[in-house]
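Visitor: Sharing a structure below in structure tokens format, with a few things to ask.
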Amino acid sequence: MKTLKSLVLVCLAVIISGGAMMTTSCNGSGGSKADSTASGEDNSIMGAGSSFDNPLFSKMFSEYNKSNGLKINYQSIGSGGGIKGLTDKTVDFGASDAPLSDDQAKAMTGPAIHIPVTAGAVVLSYNLPDMKDTLKLTPEVLAGMFLGDIKKWNDPKIQAINKGSKLPAIDIVIAHRADASGTSNIFTTYLTKVSKDWETKVGKGSSVSWPVGLGGKGNEGVAGTIKQTPGAIGYIELAYAIQNGMAFAKVANKSGAFITPSIASVTAAANIDIPADGKVSLTNTDAADGYPISGLSWVIIYQEQKYNNRTSDKASKMLKLIQWMIHDGQAFSSALNYAPLSEKAVSVGDAILKTATYDGKPVLQ
Amino acid sequence: METSVENELITRNDISLRVITSEKIRDIVKGIKRVKRSHRQIRAENVFRRTLVIIGLAMVVLVVGIMLTLIVQSIPSLKALGIGYLWGQTWDPVRDVYGALPFLAGTLLTSFLALALSIPFSFAVAIFLGEYYPKGWLANLLKNTVELIAAVPSVIYGFWGLAVLVPIVRSMEASIGIPSIGYGIFTSSLILAVMVIPYAASLGRSMIQMVPSNLKEAAYSLGATRWEVIRSVILPYTRSGLFAGVLLSLGRALGETMAVTMVIGNTPLMPKNIFSTGNTMASVIANELGEADKMVYNSALIELGLVLFLVTVVINMIGKKVISRFTNE
């Protein structure tokens, strides 16, 4: 029976060492694995993040591959995942629908820079069978509905802004994203800006504690809930709504004009003074013809590109790629229902790219 | 491991060599050469036995390892939220307040409701296939169909639930005058009930087929009707087997993620009744883990996994107790 005992001992040792390994890996030192992924082949770039950007990025990267032969592997795992990847240095760039929070920036080993690459909008799609005109919404009504204060479609507050339309006396069913997402982040950021109540009761984030409503997984989950449920209203990405021919509401912006979400009105929303670090929220934009629930999407990279044995060649290839994305790459936006960057955003992006360094020296001249 | 050759016979204290034909024994007894070969055989036996032990222990290591991972990764959340996590009713990633109760309730409600709905069907199928029609084309068709239910990927059930069940439940809710949404605990339980039927049904069927025929014949010869035989011979005899099947079903229902998340409504609030929307632990983890970038948030989700793990362990242990009580009687 000696061997049996020794076997048991060996197995116990394995359990204990396994436990020890888990402790270290959970302390966030996935270093060795990161090295091998980030600096693999020299003619390939790894990126990860926002699923909102994915259709546009796929198109951009395949076009860039045709002309420059650079392989770009982009994993659409969500903005948070992209930021995690960049923090662990498993990817060369991250893409996110929200700029880094202070905590996230602190977790990085060095300063990171944000380059705006595209803009999108979140629209309010609804299911009101007898409604002929386009629904109009004001920020107050929208916040009231999503807080559960406005319960029926024929509420006087909704009726007051939709004069001439006959609203049904049915319950409002709110549809929201069940999975954490950048779309929720843009939408809740907007509500936080326009409603004190929302700010104190719910707040902003990629997943929040929704006071009312049904959660659907992904844009398609929310869209499915809206299509199926009479009286439903929910938020989805503009591109998804256009591609699927869904009805969406006009929303009043800061200047009080009811704006139909479209590529043009999103680009207009981005035509504001963008701070030098590129981190600006377009929600509740000051632009008079801008759609208020718009947001930028960023590519995030380390400012100092010399880390983990990266070559200067790789750093310059990646920065040239990003430069191409915010210039020539923008030509692919409209066809895919993304809003091209405004001129101001592009010039800010250019300036930010020039601050990237390799071993202290600027990479792009 | 002492093996010795005494009087040309091999003796071993610690292993019982099970199948040795008389011819083999004759061969072994014949001479030294033979003995050498049999030494090799015994070594092979030992290697085989050792392999079995290692593989068996690997399973134990795996399960313990999973539990350790869950515990270690839950520590930040355990520290930040303490035991109140279990009965907290708020799940608010913005303010870093996490309470598992709504999801614990959602998981248990959907699973047990599904079980209650599925048992009549799975037992009926088991009795029908085990006792009434064990053979024949109809039995084969039914058997294969029920087994197919278990083979269909759960996302397909989710889709079917979304497209068919939700509208039906909505109109049903409208007709009995409660807020008609269609999504919710009840719809999820219906989907789960369908999904778990095969587990209890096939185990129950094989148990019922194993009831000794002399028991049944004895009952028949005493003048019992078929119903009486089922009630007082077959069911008591197969009780533990049927219960084990139910336990399997429950395990499946507790962990189901995809189909449930598509129809439950994903509301982070305490369900008020079986028609209200809710959420389950598995579905919350699947939905939110990808973007949980805050330390405590991430850890709270993993702790949710730990709670789910412990719930299944506890339910399984209770089940084992019940089964052993049934069999001891």
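If you read the sequences in order, they're chains A and B. For the first sequence, my numbering begins at 90 and goes up steadily by one. For the second sequence, my numbering begins at 296 and goes up steadily by one. We put the CB at the ideal spot given by N, CA and C, even for glycine. This one's a predicted model, so the numbers in the text were calculated from it and none came from an experiment.
#1: What's the gap between the Cα of T126/A and the Cα of L357/B?
#2: So, does the CB of S466/B fall closer than 8 Å to a CB anywhere in chain A?
#3: What residues match up with Q164/A in a beta bridge as DSSP calls it?
#4: The alpha helix (DSSP H) that contains G546/B, what's its start and end?
#5: At a Cβ cut of 9 Å, what residues of the segment 561 to 580 of chain B count as close to chain A, listed as they run along the chain?
#6: State yes or no: is the C-beta of G304/A within less than 8 Å of the C-beta of N274/A?
#7: So who's on the other strand from V311/A, going by DSSP bridges?
#8: Buried or exposed: which applies to P531/B, given that a residue is buried once 16 or more other Cβ atoms fall within 10 Å of its Cβ?
#9: Judging by CA-CA distance, which residue of Q454/A, A358/A and Y391/A is the nearest neighbour of P200/A?
#10: Closest to A577/B by CA distance: which of L399/B, Q336/B, M354/B and T364/B is it?
#11: With DSSP as the reference, label R526/B as helix, strand or coil.
#12: Are the segment 365 to 377 of chain B and the segment 276 to 290 of chain A in contact at 8 Å, needing three or more beta carbon pairs?
#13: Just by C-beta distance, which residues in the segment 142 to 176 of chain A are closer than 8 Å to chain B?
#14: Using a beta-carbon distance below 8 Å, is R335/B in contact with chain A?
#15: What does the alpha-carbon distance come out to for the pair D192/A and S431/A?
#16: Determine, for D439/A, whether the minimum Cβ-Cβ distance to residues of chain B falls below 8 Å.
#17: Starting from V461/B, find everything on chain A with Cβ-Cβ shorter than 7 Å and list it in chain order.
#18: Taking the C-alpha atoms as reference points, what is the distance between L410/A and A365/A?
#19: How should M502/B be labelled, buried or exposed, when 16 other C-beta atoms within 10 angstroms of its C-beta is the threshold for buried?
#20: Identify, in the order they occur along the chain, each residue of the same chain with its Cβ nearer than 8 Å to the Cβ of N611/B, setting aside the five sequence neighbours on each side.
#21: Taking the beta strand (DSSP E) that W387/A falls in, what are its first and last residues?
#22: Given that a residue counts as buried once 16 or more other Cβ atoms are within 10 Å of its Cβ, and exposed if not, what is A187/A?
#23: On the premise that I349/B lies in contact with G479/B, defined as a C-beta separation below 8 Å, what is that separation, rounded to the nearest angstrom?
#24: Below 9 Å between beta carbons is the criterion; list the residues of the segment 276 to 301 of chain A that meet it against any residue of chain B, in chain order.
#25: Do you know whose CA, among I529/B, S466/B and Y515/B, lies nearest F423/B's CA?
#26: Would you say G384/A and S370/A are within 8 Å of each other, going by their C-beta atoms?
#27: Would you mind sorting W386/B into buried or exposed? The rule is 16 or more other CB atoms within 10 Å of its CB.
#28: Determine the direct distance from the alpha carbon of L159/A to that of E288/A, and round the result to whole angstroms.
#29: With a cut-off of 8 Å, does the C-beta of D192/A fall near any C-beta of chain B?
#30: Kindly indicate which three-state DSSP category S114/A falls into: helix, strand or coil?
#31: Does the beta-carbon of A109/A have 16 or more other beta-carbons within 10 angstroms, so that it is buried, or is it exposed?
#32: For G304/A, which residues in chain B fall below 7 Å Cβ to Cβ?
#33: Return no unless some Cβ of chain A is closer than 8 Å to the Cβ of G585/B.
#34: With a threshold of 8 Å between beta carbons, is D238/A in contact with chain B?
#35: Between which two residues does the alpha helix (DSSP H) holding G453/B run?
#36: Using a Cβ-Cβ distance under 8 Å, would V435/A count as near chain B?
Guide: So, from the listed chains and residues:
#1: Along the first sequence, one-based indexing puts residue 126/A at 37. Along the second sequence, one-based indexing puts residue 357/B at 62. With a pLDDT of only 43 at T126/A, under the threshold of 50, the placement of this residue in the model should not be trusted; the figure read from the coordinates follows. Per the coordinates, the alpha-carbon of T126/A lies some 27 Å from the alpha-carbon of L357/B.
#2: Residue numbering aside, residue 466/B sits at position 171 when the second sequence is read from its first letter. No - not a single Cβ of chain A is within 8 Å of the one on S466/B.
#3: In the first sequence, the residue the question calls residue 164/A occupies position 75. When beta bridges are read from the DSSP output, Q164/A appears opposite A137/A.
#4: Here the question's residue 546/B lines up with position 251 in the second sequence. Looking at the DSSP string, the run of the alpha helix (DSSP H) that includes G546/B is L530 to G550.
#5: Cβ contacts with chain A: N561, T562, P563, L564, T572, N574, S578 and V579.
#6: For this step, residue 304/A is matched to residue 215 along the first sequence. For this step, residue 274/A is matched to residue 185 along the first sequence. Contact: no.
#7: On the first sequence, position 222 is the one that residue 311/A refers to. DSSP lists no beta-bridge partner residue for V311/A.
#8: Walking along the second sequence from the start, residue 531/B turns up at place 236. The C-beta of P531/B has fewer than 16 other C-beta atoms within 10 Å across all chains shown, which makes the residue exposed.
#9: Here the question's residue 200/A lines up with position 111 in the first sequence. Selected option, being the one with the closest Cα: Y391/A.
#10: In the second sequence, residue 577/B corresponds to position 282, counting from 1. Looking only at L399/B, Q336/B, M354/B and T364/B, the smallest Cα-Cα distance to A577/B is reached by L399/B.
#11: Taking the first residue of the second sequence as position 1, residue 526/B is located at position 231. Three-state DSSP puts R526/B in a helix.
#12: Output reads no: the segment 276 to 290 of chain A does not touch the segment 365 to 377 of chain B.
#13: Closer than 8 Å at the C-beta level to chain B, one finds these residues of the segment 142 to 176 of chain A: I166, G167, S168, G169, G170, I172 and K173.
#14: As a first step, residue 335/B is located in the second sequence; it is residue number 40 there, counting from the start. It does not; no Cβ of chain A falls within 8 Å.
#15: Taking the first residue of the first sequence as position 1, residue 192/A is located at position 103. Taking the first residue of the first sequence as position 1, residue 431/A is located at position 342. C-alpha separation (whole angstroms): 29 Å.
#16: Along the first sequence, one-based indexing puts residue 439/A at 350. So no, D439/A is outside the interface.
#17: Indexing the second sequence from 1 puts residue 461/B at position 166. What V461/B touches in chain A: Q317.
#18: Along the first sequence, read from residue 1 onward, the residue named residue 410/A stands at position 321. Along the first sequence, read from residue 1 onward, the residue named residue 365/A stands at position 276. Approximately 21 Å between the Cα atoms of the pair.
#19: For the purposes of this step, residue 502/B is taken as residue 207 along the second sequence, with counting starting at 1. Around the CB of M502/B, 16 or more other CB atoms lie within 10 Å, so the residue is classed as buried.
#20: Taking the first residue of the second sequence as position 1, residue 611/B is located at position 316. If we look at N611/B and ignore the five residues flanking it on each side, its Cβ neighbours are L542 and G546.
#21: For the purposes of this step, residue 387/A is identified with residue 298 of the first sequence, where counting begins at 1. Counting along the chain, W387/A sits inside the beta strand (DSSP E) bounded by residues S383 to Y391.
#22: If you number the first sequence from 1, residue 187/A lands on position 98. Counting other Cβ atoms within 10 Å of its Cβ, A187/A reaches 16 or more and is therefore classed as buried.
#23: The residue given as residue 479/B occupies position 184 in the second sequence. The residue given as residue 349/B occupies position 54 in the second sequence. About 48 Å; that fails the 8 Å criterion.
#24: For the segment 276 to 301 of chain A, the beta-carbon criterion of a distance under 9 Å to any beta-carbon of chain B is satisfied by T277, V291, G292, K293, G294, S295, S296, V297, S298, W299, P300 and V301.
#25: What you label residue 423/B is simply residue 128 of the second sequence in a count that begins at 1. Checking every option, the nearest Cα to that of F423/B belongs to I529/B.
#26: Walking along the first sequence from the start, residue 384/A turns up at place 295. Walking along the first sequence from the start, residue 370/A turns up at place 281. Contact flag set, yes.
#27: Residue mapping note: residue 386/B aligns to position 91 of the second sequence, counting from 1. Burial state of W386/B is buried, judged by a 10 Å Cβ sphere holding 16 or more other Cβ atoms.
#28: Residue 288/A sits at position 199 when you count from the first residue of the first sequence. Residue 159/A sits at position 70 when you count from the first residue of the first sequence. Going by the C-alpha atoms only, they are around 45 Å apart.
#29: On the first sequence, residue 192/A is found 103 positions in, with the first residue counted as 1. Between D192/A and chain B, the shortest Cβ-Cβ separation is below 8 Å.
#30: Counting from one through the first sequence, the residue named residue 114/A turns up at place 25. With a pLDDT of 42 at S114/A, under the threshold of 50, the modelled position of this residue cannot be trusted; read the value that follows with caution. Helix, per DSSP.
#31: The residue you call residue 109/A lines up with position 20 of the first sequence. With a pLDDT of 45 at A109/A, under the threshold of 50, the modelled position of that residue is not reliable, and the figure given next carries that caveat. The residue is exposed, with fewer than 16 neighbouring Cβ atoms inside 10 Å.
#32: The residue you call residue 304/A lines up with position 215 of the first sequence. Neighbours of G304/A on chain B, chain order: G560, N561 and T562.
#33: Numbered from its first residue, the second sequence carries residue 585/B at position 290. Interface residue, yes.
#34: For the purposes of this step, residue 238/A is taken as residue 149 along the first sequence, with counting starting at 1. Not closer than 8 Å to any Cβ of chain B, the Cβ of D238/A fails to qualify, so no.
#35: Start at 1 with the first residue of the second sequence, and residue 453/B comes out as number 158. Residues S449 to W455.
#36: Counting from 1 along the first sequence, the entry for residue 435/A is found at position 346. Interface flag for V435/A against chain B is unset, since no Cβ pair is found closer than 8 Å.
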